[in-house]
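Student: Sharing a structure here in C-alpha cells format.
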Amino acid sequence: MLFMLIRRVLLGGVTVCIVSLIIFAGVEMLPGDACTQFLGEYQADEELLAQCRKDLDLNRPPIDRFAEWTQGAITGDLGLAADGTTKISTIVGDRLKNSLLLAFLAMAVGIPLALFLGVVSGLWRDRLPDIIASTLAIFAMTIPEFVSATLLILVLSVWLGWLPGIVLTSAAAPASEFFPEILLPMIVLSFVMCAHIMRMVRSSVIDVMASDYVQMATLKGVPYWQMVFRHALPNALLPAINVVALTIAWLLGGVVVIEVVFNYPGLGRLMIDSISDRNLPVVQSIALIVASVYVCVNLAADLLTMIANPKLRTMYMRK
Amino acid sequence: MTVSSTSHQQEHGRFITVMKDILARPSGRIGLTLVLFHILLALLSPLIAPYDFKLQNSSLMLSPPSSEHWLGADHLGRDILSRTLMGGREALLVTGIATPLAVIWGGFIGILFGLVGGRVDEVLMRIVDAFLSLPWILKMLVLIVTFGTGIGVLIPTLTFFYGIPVIRVARAATHDIIARDFVWAAKARGHSRISIIWRELLPNVLDTLMVEGAMRWSWMLLAFSSLSFLGFGVSPPTPDWGLMISDARGFMSFAPWGVIAPVIGLSSLIIGINLSADALAKALGIDRAQKAPM
Amino acid sequence: MPQSSFIDIKNLSVGYTSRNGKIIPVLRDVNLSITRGDSIGLVGESGSGKSTLALAAMGYFKRGLHVISGQVQFDGIDMLNIERNALQRLRGGRLALIPQNSGQSLTPNLRIGQQISEALRLHGDLPATSFDVGVIDLLSQVRLPDPVGLTDRYPHELSGGQQQRVAIAMALASNPEALLLDEPTTGLDVTTQAHIMELLRDLAKDRNLAMLYVSHDLGAIARVCNKVMVMYAGETVLTGSAKQVLLSPRHPYAHGLLVSIPRLNEASLPQALDGRPPMPSETITGCAFADRCKLADQTCHKSPPPLNHLETGEAVRCFHHDQIGQLNQKTEKSARSNPTAADKGTALSLANLAVSYSQPGLLSKLFAPQDTPPSTVDRITIDIKKGETLGLVGESGSGKSTILKTIAGMVPAQSGNIILNQAERLDMMVEKRPAAHLRQVQIIFQNPDDSLNPRHTVAQVLAQPLRLYYGLSGTPLRDRSIDILEQVRLGEHYLERLPSQLSGGEKQRVAIARAFAADPEIILCDEVTSALDVSVQAAVLDLLDVLKRQDGTTYIFVSHDLAVVKAISDRVAVLYQGRICEIGPVAAVYSAPFHPYTDALLGAVLEPDPDVAPRLTADDVVELSPPKTGCPFQRRCPRKLGSICETDIPTAQEIAPGHVIHCHIPQLDL
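Heads up: the sequence lines are chains P, A and C, in that order.
As numbered in the numbering used here, residues 1 to 319 make up the first sequence, in order.
As numbered in the numbering used here, residues 1001 to 1294 make up the second sequence, in order.
As numbered in the numbering used here, residues 2001 to 2670 make up the third sequence, in order.
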C-alpha cells in the first residue's frame, strides 16, 4: 500500500516536471523575450536590447535558466517580474490567498449542495424535484459564466440591491475586508460548480439504483432509506470524487472570467493582466502554481478513491 | 447490386433512422430548431438587419427601445437589434470550422494512441495530461497575445486546444472496441491493419466522436464568447455577443437592454446545441459522461 | 393442488407498455401453487417469463413492468396490495430470494459479515450480541471453509461458487418458510454446480421449505425439484411431477426440449428443435408453439389451446397431447459422421505447446528470475486427423480457450510448434502467416453478440472472407453469399439485416457461415453453443455436423458441457489447469478406466432425470493457477498417491490405442 502511495506521488511529481518544461519551453519559443517586451518601442535600438539582456542575464543557455527557475520555485522564490524589481512571490502570494479564499467559500457551499441535489434528482428521477434541478443545472452549464454572472449582478445587485456587484478591495487586503463583496462571485461559482457535479452524481445514482445489488437489498427486505444510505450512496458517490477534484482544480485556475466580471483580485486577473503586459515571468509562475495545484488535487482524489473503493483497497492491502 | 452500394445504402438508411429518433424526442426537436434558426440567422442577418451595425449616432447613445430602434442603442449609438442579429456570425463561423477540425485531428491522434498502446501510449498520455493541467485561458491567451487576434489566429488556436480532450475520448473508445471479439475475428482472418481500422474500428468509433463533436462545439462557443468578453476575441466594431455583453455591462444599471439582447442570443444558441447533442447521444445509444469543460 | 397453498398465484398477467402505447405481455394468465415441502421447478427459455413470475411471488416487478390482472398471495396475504412495511418484513424474512448472479447481487462496499448480519438484524430472532456467532453458523451451514476469515472479506474477493453460497446463507438467516431461486448456478463450473445443488437439496428436505426454482437447466431441476412447470412465451404449457415432466412429457415443446438436450449415455447428436421462442413483442395467434410443432394443424394456428387438467395430476396446454407418442416414433437419432473410417492424414499437429499469460515485470525479472509463474498451458501434444472433431473439455482455468486462440495465432505460444497438414509450420503470430494458412484455419466465437460488428449487415459480414481469400466482388460475391446463407438455413432476405435484428441463434449461424465462407480445413469452435437457448443449441450442433459431412472439415470443439462435447466429438481431450489429463476416442474417455479428474467431471454432471444422482468425488475448490511441479490435479485429487504427485509429471499411460491417461496411478487401479 505504501508502495502504491509513493508511486503515485512520484508520478505526480513527474507530471509537474513535465508541465514546467512545457511552460518554460512554450514561453521560450514565443517570439521576443522579456527585454523586447520591456523596452517596447525602443526595440529598434540594438544596443539597448543587448544591454538589457546582459542586465537580466538572458544570454545564458536555456537549460541553465530553467534549472535556476525550478530551483527557485521549489524554495518559494519565484524570481523577479519583468520590470526587474518586483518580487513575483509577493504579488502572486497575495493573489493566491484571495483565490484560495474564494475557492474555499465556493466549495464549502457548492459541493455539499451539489451532492444533495444530485442524490435527490437521482432518487426522484423524472419527477418534479429532478425536472427543476436538472433544468437549472443545464442552464448553468450551458450559459457562459460571464453571462450568469452578469445576469445575477443585474438581478441581485442592480435591481434588488441586495449585494454589491463589484469588488473594490485591494489585492493585499486581509480576508475579512472582502465581505460582503465576495458573496456574489461566490454564488456564481457555486452555481456553476454545483451544476456539473450534480449532473454527474445524478447519473451515478440512477445507475446504482438500477443495479442488481440494490434490487437484492430491496428483496432482502431492507427498508428504502436504509438501503439508500447503506447500499446505494456509498457506491454512487465514488465516481463523484474525480469530478469534484476536477472542479476544485478549475476553481483555482479557470475562474478568470468571474474575476474579471467582479474585479476580484485573484490569480486569474493577475494572469490576464500579466499576459496583456507581456510580463512573462509572472505568467510562468502562475502557470506552474496552477498546474501544481491541479496535480495535487488529482493525486488526493486518486488516493481517496483508492481508500474508498473496496476493490482497490483490498488489492493493495491484502497480500 | 454490389456490396459497396449496400453499405452506402445502409449508411443512408441509418442516417435517416437516427434523424427520426432525434426528431421524435422533444429535446431533439427544440435543439435542432434552435440551431437551424441560428445558422439561418447568421447567413441572412446582413440582409434583414435594419441598420448598418457600424453606424454610430451620438445622439442616440444608450437610448431605450423605440419604434425606430426596437432594442434601443448601445453606448456608441449603434442599433442593438442589428448588432444582436449579426452577433452570432463570427462565433458560428469560427467555431463551425474549428470544431470539425478539432474532432478530426483529436480523433486521429486518439485512435492512433489507442492502437499503439503499451509504454509509448502511456508516456504520451502523461504528457497530454500534463498539458491539460494548465488553465485553458492561459494557453490560449499566450498564443493570441503573441500572434494577435483575428480569425486567422483564433481558428487554429481553438482547433488545437480543443482537439486535445478529444484525444482522450477517442483513445478510450478505441481501447473498448479493439478488445471486442469481432475485431479479434478480423485479425484472425488475416485482414490488414488498415482494413481493420477502416472497416471494424472507425464505424464504431464515429458515433462517439460525433457526440463528442457536438459537445465540443458548445464548449468552443463558450470559450469563444468568453474570449470576446475579455477582449481577446473579435475586434470591434465586429458585432459579437460576448463583446457586446462586455461593452454593455458597465451601463447595466440604467440600460439593461444592451445586455439582455445578446444574452438571449448567445444562450439560445448554446442551449440548442446542447439539447441536440443530448438527443443525438440518446439516439445513438451513447452514454454521455458529464465532464467539466476545459 | 391442495386448498391451502403457501404461495398462490392466480391468473397473473404482467406486461409493459411499449413506446407506441401497446401493452406487451410478459406473463399471460399464469397459475402457480406451492405448498410447504414442495420444490417446484420453473423451466423456460428467453421470453418465457419465468424470472418475472418468480419475482412476482415476492410482489416485485422490474421497473417498467406492471400487473395487468391477477392475484399473488403468500400464506393468504395479498402481495399486490400490501402495506410497504409489511412487505419489507416478509421479503428476506418468511420469503427469501437467492439471486442469479451473486457476484453482482452482493453489495460491493459491504463486507460479507456485514451483509449477513444485516439479514439477521432485519429478520432473525437473535439478539444483537449474538450476530457474529449467527453469521459464522450460517456460513458453516452452507459448507464454506474458514467462515471466520470470510466475514471480513468483500464480495469481489470471493469466487463465484463462494459468492453463491454466501447468498444462500443470507437467505437462510431468517429461517424462511419459502425460498425463491433465480437460476442460482448460472456461470458456475460443473463441479461447483453439483455441490451447490446437493446443498440446496439437503436444505429443502431438512427445513420443509416451499421452494421455487427457476432455471433453463433441466439437470439442475431434476436434482432438486419434485414438481415441474414448463413455461413458453409467457404461458404455462405443462405441469406435473418431476418424473412425469422429465421422463414422459406430454407437451410437444417439453418433449422437443428434452429430446434436444445431449445426454451422456447417448452416442449421437440430439434431435434439434427448429425455430426459436417468440419474443414478448410479437403478436401470437393460436398456440405460441405452433410454428415449431410437428403435431400442429389448422386448429393450433387459429385458436390458443386451453390448459387441460388431466387425471394424472398434470396440466397440458395442447390440443394434441395424447398424440405425443407419434413424436417418439418420428424421432430419428441422427447417426453421427464417422471419419475415422478413412484415415486421410493429420490435419493439425500440436507439439509440446506451452502458453503463458503472465508477464513478469522488469523488477521481478531482475530480482527473482526463477520465481516465474508456471505456464497457463503446457505440454500440449495432440495430433488431429483430417475430418475428425476433437473435443477439448474442462472447467474455467483449463486453458481450452487459450489453446484455440494460440492455434488461431491470436495469443503467442512460449514454446512448441503447430504443424498444419504435416508439412507447414504455423507461425505464432497471425500477422506473419501467409494468406493460405489464414484461410485454412477459421475460428467461431462464443458470444454472437460480440463476434459480429454491430454496424455491418450480414452481406458485409460474409463479404469479408469472400473478398479477402477469393477476391470476389459484385454479382459473384452476392451469389456466393446467398449460397452460403442457404447452407446455414437462412434465406436471402437476411443479407440486408443488421445483427441487432437477428436472434442469438441466427447470429451464430451467420458466424458459422462466415467461417465456412473461407472453405477452411480447420474450424475452431470456442463454446459456440454456450450462449444460446437450450432449444436452439441442438440445431446449431446439427448444422455443424451437416456442414462437416459436406466439406470434410476438421473441428476443434471447446466446451465446458460434457454432454455436448460427447455428442459432437470423435475424440476428446480432458484438460485441467492447462494440462492434458486424458485423451482418446470419445467412447473410451467417457467410460472407465478414468483419470481421477475425468471421473470427478463426469460424476458431477446433472442429468435431466430425477432418478439419477451425481457422484461427487472432488471438492469444490477453485484454483487460480497450476502448481509449479508435478501433476496439475494434485491439490484436489481424491486419489492422490503421495509426494510423487507433487514432484513428478504424470506418466502417459496408453490404455488402448489412441487412449492415453496421464496419471501416476497404475492402469489396473484406475
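Where a beta carbon is used, it is the ideal one built from N, C-alpha and C, also for glycine.
Owing to the predicted nature of the structure, the values given are computational and were not obtained by experimental measurement.
Where does residue 2232/C land, buried or exposed, given buried means 16+ other C-beta within 10 angstroms?
Tutor: As a first step, residue 2232/C must be located in the third sequence, where it is residue number 232. With 16 or more other Cβ atoms within 10 Å, it is buried.
Student: Can you give me the Cβ contacts of residue 160/P inside the same chain, cut-off strictly under 8 Å, excluding the 5 residues immediately before and after it?
Tutor: As a working note, residue 160/P is residue 160 in the first sequence. None.
Student: Could you check if residue 176/P is buried or exposed, using at least 16 other CB atoms within 10 Å of its CB as the buried criterion?
Tutor: The count along the first sequence starts at 1 and reaches residue 176/P at position 176. Counting every other CB atom within 10 Å of its CB across the protein chains shown gives residue 176/P a total below 16, marking it as exposed.
Student: From the beta carbon of residue 1065/A, is the nearest beta carbon of chain P less than 7 Å away?
Tutor: Looking up residue 1065/A in the second sequence gives position 65. Contact with chain P is absent for residue 1065/A, since none of that chain's Cβ atoms lies less than 7 Å from the residue's Cβ.
Student: Give a yes or no on whether the C-beta atoms belonging to residue 2171/C and residue 2077/C are separated by under 7 Å.
Tutor: As a position in the third sequence, residue 2171/C is number 171, starting the count at 1. As a position in the third sequence, residue 2077/C is number 77, starting the count at 1. Taking a C-beta distance under 7 Å as the contact criterion, residue 2171/C and residue 2077/C do not qualify as a contact pair.
Student: Per the DSSP calculation, residue 2572/C is bridged to which residue(s)?
Tutor: Along the third sequence, one-based indexing puts residue 2572/C at 572. Paired residues: 2391/C, 2584/C.
Student: In the DSSP output, what is residue 2508/C paired with across the bridge?
Tutor: As a position in the third sequence, residue 2508/C is number 508, starting the count at 1. Looking at the DSSP assignment, residue 2508/C forms no beta bridge with any residue, so it has no partner.
Student: Distance check for residue 196/P and residue 1291/A, CA to CA, integer angstroms please.
Tutor: Here residue 1291/A refers to the residue found at position 291 of the second sequence. Here residue 196/P refers to the residue found at position 196 of the first sequence. Reliability of the predicted coordinates at residue 1291/A is poor, the pLDDT of 43 falling under 50, and the value obtained from them is presented with this limitation in mind. Cα to Cα, residue 1291/A sits roughly 7 Å from residue 196/P.
Student: For residue 2070/C versus residue 2013/C, is the C-beta spacing smaller than 7 Å?
Tutor: Here residue 2070/C is taken as the residue at index 70 of the third sequence, counted from 1. Here residue 2013/C is taken as the residue at index 13 of the third sequence, counted from 1. Yes, the Cβ-Cβ distance between residue 2070/C and residue 2013/C is below 7 Å.
Student: With a CB to CB cut of under 7 Å and the five nearest residues on each side skipped, what residues in its chain are close to residue 2035/C?
Tutor: For the purposes of this step, residue 2035/C is taken as residue 35 along the third sequence, with counting starting at 1. So the qualifying residues of the chain are 2002, 2005, 2006, 2210.
Student: Quick check on the DSSP output: the alpha helix (DSSP H) that includes residue 2599/C runs from which residue to which?
Tutor: In the third sequence, residue 2599/C corresponds to position 599, counting from 1. Looking at the DSSP string, the run of the alpha helix (DSSP H) that includes residue 2599/C is 2596–2604.
Student: Per DSSP, residue 2025/C forms a beta bridge with which residues?
Tutor: Within the third sequence, the letter at position 25 stands for residue 2025/C. Its beta-bridge partners are 2015/C.
Student: Compute the beta-carbon to beta-carbon distance between residue 1368/A and residue 1159/A, rounded to the nearest angstrom, for a pair I have assumed lies under 8 Å.
Tutor: This structure does not reach residue 1368/A, given that chain A is present from 1001 up to 1294, and the question cannot be answered.
Student: Skipping 5 residues on each side, what residues in its chain have a beta carbon closer than 6 Å to that of residue 1069/A?
Tutor: Within the second sequence, residue 1069/A is the residue found at index 69, counting from 1. Taken in chain order, the residues that qualify are 1079.
Student: On the criterion of 16 or more Cβ atoms from any shown chain inside 10 Å, does residue 2225/C qualify as buried, or is it exposed?
Tutor: Counting from one through the third sequence, the residue named residue 2225/C turns up at place 225. Buried, because 16 or more other Cβ atoms sit within 10 Å of the Cβ of residue 2225/C.
Student: Under 7 Å Cβ-Cβ, which residues of chain C neighbour residue 1182/A?
Tutor: Taking the first residue of the second sequence as position 1, residue 1182/A is located at position 182. Here the neighbours are 2450, 2451, 2452, 2453.
Student: Rounded to whole angstroms, what's the CA-CA distance from residue 283/P to residue 274/P? Just pull it up for me.
Tutor: The count along the first sequence starts at 1 and reaches residue 283/P at position 283. The count along the first sequence starts at 1 and reaches residue 274/P at position 274. Rounded to whole angstroms, residue 283/P to residue 274/P spans 6 Å at the Cα level.
Student: Where in the region 237–271 of chain P do unbroken runs of the alpha helix (DSSP H), each at least 4 residues long, occur, reported from the N-terminal end onward?
Tutor: 240–253, 256–262
Student: Can you find the residues in the same chain that come closer than 7 Å, C-beta to C-beta, to residue 2284/C, ignoring five residues on each side of it along the sequence?
Tutor: As a first step, residue 2284/C must be located in the third sequence, where it is residue number 284. For residue 2284/C, where only same-chain residues beyond five positions count, the Cβ hits under 7 Å are 2233, 2278.
Student: In angstroms, rounded to a whole number, what distance separates the CA positions of residue 1208/A and residue 2503/C?
Tutor: Position 208 of the second sequence, counted from the start, is the residue given in the question as residue 1208/A. Position 503 of the third sequence, counted from the start, is the residue given in the question as residue 2503/C. Near 26 Å, if we compare the C-alpha coordinates of residue 2503/C and residue 1208/A.
Student: Measuring only the C-alpha atoms, how far is residue 1091/A from residue 1031/A?
Tutor: Here the question's residue 1091/A lines up with position 91 in the second sequence. Here the question's residue 1031/A lines up with position 31 in the second sequence. About 18 Å.
Student: Using the three-state DSSP reduction, which class does residue 2002/C fall into: helix, strand or coil?
Tutor: Taking the third sequence and counting its residues from 1, the one referred to as residue 2002/C is at position 2. Residue placement at residue 2002/C is poorly supported in this model, since its pLDDT is 46, which falls under 50; the coordinates still yield a value, given next. Three-state result, residue 2002/C: coil.
Student: In chain A, which residues lie less than 9 Å from residue 146/P when you measure between Cβ atoms?
Tutor: Taking the first residue of the first sequence as 1, we reach residue 146/P at position 146. Those within 9 Å of residue 146/P in chain A are 1225, 1226, 1229, 1230, 1242, 1245, 1246, 1249.
Student: In this structure, how does DSSP classify residue 2670/C when only helix, strand and coil are distinguished?
Tutor: Numbered from its first residue, the third sequence carries residue 2670/C at position 670. Of the three classes helix, strand and coil, the one that applies to residue 2670/C here is coil, per DSSP.
Student: Name the residue from 2246/C, 2497/C, 2178/C, 2039/C whose alpha carbon lies nearest to the alpha carbon of residue 2075/C.
Tutor: For the purposes of this step, residue 2075/C is taken as residue 75 along the third sequence, with counting starting at 1. Residue 2178/C is the option with its Cα nearest to residue 2075/C.
Student: Short of 9 Å Cβ to Cβ, which residues in the region 1116–1140 of chain A face chain P?
Tutor: 1126, 1127, 1129, 1130, 1131, 1132, 1133, 1134, 1135, 1136, 1137, 1138, 1139
Student: With respect to the beta strand (DSSP E) encompassing residue 2557/C, which residues constitute its N-terminal and C-terminal limits?
Tutor: Translated into the one-based positions of the third sequence, residue 2557/C becomes position 557. Element bounds for residue 2557/C: 2554–2559.
Student: Okay, do the region 1229–1239 of chain A and the region 1271–1287 of chain A touch, 3+ Cβ pairs below 8 Å being the bar?
Tutor: Not touching, per the Cβ criterion.
Student: Expressed to the nearest angstrom, what Euclidean distance is found between the alpha-carbon atoms of residue 2059/C and residue 2564/C?
Tutor: Working through the third sequence from its first residue, we reach residue 2059/C at position 59. Working through the third sequence from its first residue, we reach residue 2564/C at position 564. Using only the alpha carbons, I get a separation of about 38 Å.
Student: Between which two residues does the beta strand (DSSP E) containing residue 2213/C stretch?
Tutor: Indexing the third sequence from 1 puts residue 2213/C at position 213. 2210–2215 is the span of the beta strand (DSSP E), which, as asked, contains residue 2213/C.
Student: Taking only beta carbons into account, state which residues of the region 2428–2439 of chain C come closer than 7 Å to chain A, listed in chain order.
Tutor: 2430, 2433, 2435, 2438
Student: Taking Cβ positions only, does residue 1283/A come closer than 7 Å to chain C?
Tutor: Here the question's residue 1283/A lines up with position 283 in the second sequence. No - not a single Cβ of chain C is within 7 Å of the one on residue 1283/A.
Student: Helix, strand or coil: how does DSSP classify residue 2036/C here?
Tutor: Numbered from 1 along the third sequence, position 36 holds the residue referred to as residue 2036/C. DSSP places residue 2036/C outside both helix and strand once states are collapsed to three, so it counts as coil.
Student: Just the Cα atoms here: how many angstroms apart are residue 1111/A and residue 1170/A?
Tutor: Taking the first residue of the second sequence as position 1, residue 1111/A is located at position 111. Taking the first residue of the second sequence as position 1, residue 1170/A is located at position 170. Spanning the two alpha carbons is a distance of roughly 6 Å.
Student: For residue 2183/C versus residue 2214/C, is the C-beta spacing smaller than 7 Å?
Tutor: For the purposes of this step, residue 2183/C is taken as the residue at position 183 of the third sequence. For the purposes of this step, residue 2214/C is taken as the residue at position 214 of the third sequence. Judged by their CB atoms, residue 2183/C and residue 2214/C are nearer to each other than the 7 Å cut-off.
Student: Output yes if chain P places a C-beta closer than 7 Å to the C-beta of residue 2189/C; else output no.
Tutor: Taking the first residue of the third sequence as position 1, residue 2189/C is located at position 189. So, not an interface residue.
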